[in-house]
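Counting from 2, one number per residue, gives the positions in the sequence shown under this note's numbering.
Inspection log for the structure reproduced underneath, given as structure tokens.
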Amino acid sequence: MHKSRMRLLSLTLALGMSVMAGAGGLSMEAAAREYTDREQVLDTGFTLDTEYTLKLANPSKDISTTAANYYITGSSDPDSPLSCNGEEVESRGVYGSFGIYAELAMGENTFRFENGDDSQTLTITRTKAQTSEEVTTITNLRRMQPSSDDVVQAGEEYTIRCTAPANGEVTATLGEKSYPLKQEAVATTGVEAYYSAKITLPQAEEGKVEPLGKLSYQLTFDGKTTNATSQGSLYLVGKGAHLLAKVNQNAAILYEEGESKANHLSLLSPGAVDAIVDSNDSYFQLSMGGWIAKSYVDLLPEQSQWEEEVSKTTYTILKNGESLVLDGKAAPAFKAYSTGEKIALRFYNTSGIELDEIYSELFSSVEVSTVGEDTILEFYKKQGVDTVGYDVSYDGKGRTTVFFNRKADLGSSDQPLSQMTIVVDPGHGGLDSGALGVLNGNGPMEKDITMAHALVLKNRLESLGAQVVLAVSPQQDNSSKVEMTDRVALAKEQRADFYVSLHCNSIDANANGLKPSGTEIYYYENNSKLLADSILEKISAYNERDARSVIYGNFYVTRNTLCPSMLIEMGFISNPIEYDQLCTPDSMYQTANAIADALIEYLQSI
């Protein structure tokens, strides 16, 4: 048999490659700006190496399924025809990746693929679905409450809950007292079932918070006894006492009600402190009125100070913006919003802010007012001057800083982005591979494709004068991953003017991956919408890729009030044509040019 050739997809080996329009992008001349540095911009030293020979990826071997259709994908030698059962495979990328959405008859379905002198045969056996679903059983304790630190008011009922194999015996112990838990619904023995008990705790000392510790659970099932402990601890709050909570996440959502579907009131910064006044299974209500996820706060049983009396107010003009510093003893919770007219902040349980007049290059005036125990600040923007966002931070010692991020100025003609700091976030990375793509992990995965694009984008932006910070290093350890909160924190530390997170889209492994294609962009803050529209239009035009839409999306990396921030789903790597296109130097080059050109237009709009 003829030995199939190995094709190495490498930026360093394919710098001069230009994929033809309709299969992977436009030539350089189609870009809005003329660039003559293609080779330098593509020279990143990062490679997307894979072997493009005839090889089945999904499934990689004969299988049985009850599904009526199956999405078969794999790789092939692009220089030789590819057929399945004698018919040409049409959905095939420039590097030979392919996919077929096959209809399955009952029994054996044979698929013979031929690619030049190579061939492979796959058998998918379709069987009837079982009349009754298979039952999955467990043998251990799971989902033990509280999963994070929790609060109970003295004299009120509290629900202890966990899951365990049905028809077992479960007890929970808190302190020196044990409570039997009752199975909530009838279920087949061994199936995961909920167990619960409602308990009423005794009165605590008035004005005091008493730590009760973690709950210990015991399960007796199938002749064996096992023990486990809740992850969170329980605190008993006496009459008149206040248990404080400190936000532990960047971009923590404050909800109008205690559920994830409720309206968003604001985003809270890490370090903000407020008193808990109510709770349900998953959320705490703060004294300011909003609800926050329990896992997004740390409880402070030893701390009682959350009402802020500001002793000193300072307003300063900085190189890249302006700042308001409030010195006091607390880290007050807040709500804030920005419009074309003003930036408004409401600090709860806060007094003593004196700011009748300010010298500012951004704002024409500021109004300070009080409502009850709260202070409201309204900064009115100067005509023709714009900000891209704001950020509230705390130093943990009673100092609160509000940073107003000025819109960067346009630089020189050859260095138009010289005044801009940009965080480029290659989606996923390290331990987190992201979507596997049509080669099912046997070729470049999402983390590889996003890194390749990010490095080229970094080169392009730096060629135009920008300071670029990567949220994930190309040498990221594959045994760990970069947390979302750290990525957003990086943008705040750098006081970035723009944050772009690059991703690849995908659909379920056995859905018809041939159908969806194109680019879509997600944003959260209104200040990101217009720029996202421009980037989508340019990425799609420069790559001749479908423009899907710009979508409001509640993603961690888009919840950033500091600067325009967006998550770009560049294309679908579940689609073989788009997968291969995203692996081309043209895609990386044209996508980088598109984002750069959109940013230049953005600065020119001042």
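For each residue, glycine too, the CB sits at the ideal point set by N, CA and C.
Predicted model only: the values in this text are computed from it and were never measured.
Restricting attention to Arg-496, Lys-129, Ser-352 and Ser-296, the CA atom closest to the CA of Ser-312 is found in Ser-352.
Only residues of its own chain outside the window of five on either side were considered, and among them Val-152 have a CB closer than 6 Å to the CB of Ser-280, listed in chain order. Judged by beta-carbon spacing, Tyr-218 lies within the 8 Å limit of Cys-163, meaning their Cβ atoms are closer than that value. In this structure, His-504 sits away from Glu-579, with a CB-CB distance that is not shorter than 8 Å.
Put simply, the segment 558-567 does not touch the segment 506-521. Fewer than three CB pairs are less than 8 Å apart. Glu-115 is bridged by DSSP to Ser-84 and Ser-120. In this structure, DSSP gives Met-446 a state outside helix and strand, which the three-state scheme calls coil.
The DSSP-derived three-state label of Asp-282 is coil. Ile-508: not part of any alpha helix (DSSP H); DSSP gives it neither H nor E. In this structure Leu-43 is in contact with Tyr-590, their Cβ atoms being roughly 6 Å apart against a cut-off of 8 Å.
DSSP, reduced to helix, strand and coil, places Asp-392 within a strand of the structure shown. The shortest CA-to-CA distance from Val-192 to any of Gly-208, Gly-169 and Leu-213 is the one to Gly-169. With at least 16 other beta carbons inside 10 angstroms of its own, Lys-408 counts as buried.
Taking C-beta separations shorter than 7 Å and ignoring five residues to either side along the sequence, the partners of Leu-202 in its chain run Val-153, Ala-155, Tyr-159 and Leu-237, following chain order. Spatial neighbours of Ser-480 in its own chain (CB-CB distance under 7 Å, excluding positions within 5 residues in sequence) are listed in chain order as Leu-432.
Across the structure, Val-171 and Asp-299 are spaced so that their CA atoms are roughly 29 Å apart.
By the Cβ test, the segment 441-459 is not in contact with the segment 527-544, since fewer than three Cβ pairs between them sit closer than 8 Å. As DSSP reads the structure, Leu-287 sits in a beta bridge with Ile-277. Unbroken alpha helix (DSSP H) stretches of 4 residues or longer found wholly inside the segment 510-583: 530-544 and 577-583, given in chain order. The residue from Arg-400, Arg-143, Gln-468 and Asn-116 with its alpha-carbon nearest to that of Ile-354 is Arg-400.
Here Tyr-53 carries a coil assignment [DSSP, helix/strand/coil].
Per DSSP, the beta-bridge partners of Val-326 are Thr-315 and Thr-402.
In the DSSP assignment, Asp-299 is bridged to Lys-247. In this structure, Ala-593 lies away from Arg-488, with their beta-carbon atoms at least 8 Å apart.
Pro-586 sits in a helix when the DSSP states are folded into three classes. Here the alpha carbons of Ile-318 and Thr-585 stand approximately 45 Å from one another.
Secondary-structure assignment with DSSP links Tyr-196 through a beta bridge to Cys-163 and Gln-184.
Approximately 5 Å separates the beta-carbon atoms of Ser-76 and Tyr-53; this is inside 8 Å, confirming the contact.
Put simply, of Pro-302, Leu-301, Gly-239 and Ile-277 the residue whose alpha carbon is nearest the alpha carbon of Gly-291 is Ile-277. For the 8 Å CB-CB criterion, Phe-114 and Pro-475 do not form a contact. For Glu-177, there is no enclosing alpha helix (DSSP H), as DSSP gives it neither H nor E.
Secondary-structure assignment with DSSP links Leu-268 through a beta bridge to Ile-254. By the Cβ-count criterion, Gln-605 is exposed, with fewer than 16 other Cβ atoms from all chains shown falling within 10 Å of its own Cβ. With a threshold of 16 other beta carbon atoms within 10 Å, Arg-127 meets it and is buried. In this structure, the beta-carbon distance from Leu-465 to Leu-418 falls below 8 Å.
Per DSSP, reduced to three states, the secondary structure at Gln-495 is helical.
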